[in-house]
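Asks:
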Amino acid sequence: METVVSGIRSTGNLHLGNYYGALKNFIKMQESNRCLFFIADLHSLTTHPTAENLHGNVQQVLAEYLASGLDPEKATIFVQSDIPEVSEMYVLLNMLAYIGELERTASFKEKVRKHPHNVNAGLLTYPVLMAVDILIHKATKVPVGKDQEQHLEMTRVYARRFNNMYNTPFFPEPDAYNFGSELIKIPGLDGSGKMGKSEGNGLYLMDDEATIRKKVKKAVTDTGEKSDEMSEPVKNLFAILNVVSTPEVVNHYKEAYAAGAIRYGDMKNQLADDICKVTLPIRERILDITKDGQYLYKVRKIGAEKARESAAKNLVEMKKIMGFKLL
Ligand code: TRP
């Protein structure tokens with residue numbers, strides 16, 4: 554059995570791309586693995602959220618993930634800052650991380666470029682904290698997107714370095730969880746690349762019906778004239794249709810397109826209908842869960858207890874290996 558760990562950025566508001574790209578896979582994984590999913594609120598401090606936002610975002614993300622199908626009975630779902638062992642191991646692991654390699658991290662260089670006035674030390678050591686999230690549970694698999702691959706590679710470097718330094722097989726080197734052909738990328742509706750928060754082209758699980766219809770209506774298309782190569786924006790519409798609609802519906806519009814008789818207005822109405830079928834029930838559940846503070850508290854508490862048990866055990870062993878004499 555694999556131990557799977559994944560951190561979720563605590564900036565709130567899942568979009569359809571997160572749902573199909575990551576979450577649906579998490580939901581599948583939790584059936585047959587030891588899964589630990591957590592909200593990375595310590596990491597989010599690198600960008601200085603306000604005190605109100607920090608906690609509000611945690612509640613929102615937690616509610617959205619639960620509403621989408623992460624199951625606290627099957628997976629350990631917790632909040633990073635509820636596990637003080639993480640911060641302690643972070644101090645220890647920092648001693649094994651070299652400034653040179655941290656400064657060369659792509660994500661760090663990008664942050665420096667984008668936010669030259671907020672280059673804090675936490676940003677530099679972001680990969681160390683992420684490695685701790687993973688190693689503290691001796692995870693063997695980490696589901697990560699392309700942008701996190703380098704961080705995972707650094708995690709392996711730290712695991713190896715520790716093991717070599719102390720001559721022990723203590724930390725397993727975690728691999729990326731490979732979704733293989735199941736990896737679904739949801740494009741944006743603006744004719745460009747993928748759906749993303751920073752791209753401002755997201756269809757959110759929290760969007761109400763009117764908002765979804767409005768966004769889909771505004772989606773970029775083309776003139777509908779027959780051409781050999783389907784235009785990028787229309788390919789994108791089909792990509793989303795493929796995911797949310799039935800094969801019959803997809804075929805109907807593909808044939809219409811091939812015949813040069815497609816009516817994008819109709820296709821968009823259908824697309825909006827089918828997106829709503831997926832997201833509106835989730836939206837209802839998010840609203841219900843958000844109202845139920847006691848339930849959220851319970852989930853968080855049970856998750857923290859389970860995660861702390863595993864974290865504390867591994868931290869103690871790590872400290873012993875390093876030569877600390879524990880009281
Ligand atoms: N850095 C990840 C992201 O931005 C979030 C994260 C934090 C994470 N700790 C992790 C992901 C541990 C996987 C494992 O998406």
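Numbering (this note's numbering), first residue to last: 554 to 880.
Think of the CB as a built atom: it goes at the ideal place given N, C-alpha and C, for glycine as much as any other residue.
In this text the structure is predicted, and so the values were computed from the model without any measurement.
1. Which class does Y719 belong to by DSSP, given the choice of helix, strand or coil?
2. Let me know if P740 comes out buried or exposed under the rule of 16 or more other beta-carbons within 10 Å of its beta-carbon.
3. For the segment 866-874 against the segment 633-645, do three or more pairs of beta-carbon atoms, one drawn from each stretch, fall closer than 8 Å, so that the two count as touching?
4. Express the C-alpha separation of V769 and M748 in angstroms, rounding to a whole number.
5. So what's T556 in DSSP terms, helix, strand or just coil?
6. Go ahead and label N571 buried or exposed: buried means 16 or more other beta carbons lie within 10 angstroms of its beta carbon, across all protein chains shown.
7. Do the CB positions of L688 and A712 come within less than 7 Å of each other?
8. Considering only C-alpha positions, which residue in the set V558, Y618, G574 is nearest to T564?
9. Does the beta-carbon distance from S621 to F590 come in below 7 Å?
10. Leaving aside the five residues before and after M759 along the sequence, list all residues of the same chain whose C-beta is less than 7 Å from its C-beta, in chain order.
11. Straight-line CA distance for P727 to V681?
12. Return the CA-CA distance between N716 and D743, expressed in angstroms with no decimal places.
13. In the DSSP assignment, find the unbroken beta strand (DSSP E) run with A860 in it and report its ends.
14. Please indicate yes or no: does the CB of A593 lie closer than 6 Å to some heavy atom of the ligand TRP?
15. What is the residue span of the alpha helix (DSSP H) that I687 lies within?
16. For the structure I just gave you, are there three or more beta carbon pairs, one from the segment 596-604 and one from the segment 783-792, closer than 8 Å?
17. Would you list the one or two residues that DSSP bridges to I765?
18. Would you report the Cα separation of I737 and L569, rounded to the nearest angstrom?
19. Whole angstroms are fine: how far does the CA of A809 sit from the CA of N671?
20. Span of the beta strand (DSSP E) holding F732?
21. In chain order, what residues of the same chain have a beta carbon less than 7 Å from the beta carbon of A684, not counting five sequence neighbours either side?
Replies: On the basis of the supplied data:
1. coil
2. buried
3. yes
4. 13 Å
5. strand
6. buried
7. Between L688 and A712, the gap from beta carbon to beta carbon is short of 7 Å.
8. Out of V558, Y618, G574, Y618 has the C-alpha closest to the C-alpha of T564.
9. no
10. N566, R836, I839
11. Their backbone Cα atoms lie some 14 Å apart in a straight line.
12. 48 Å
13. That residue, A860, is in no beta strand (DSSP E); its alpha helix (DSSP H) goes 846-875.
14. A593: yes, Cβ under 6 Å from the ligand TRP.
15. 679-688
16. no
17. In the DSSP output, where bridge partners are listed per residue, I765 has none listed.
18. I737 and L569: Cα-Cα distance of roughly 11 Å.
19. 52 Å
20. DSSP places F732 in no beta strand (DSSP E); its state is neither H nor E.
21. L646, M707, T708, Y711
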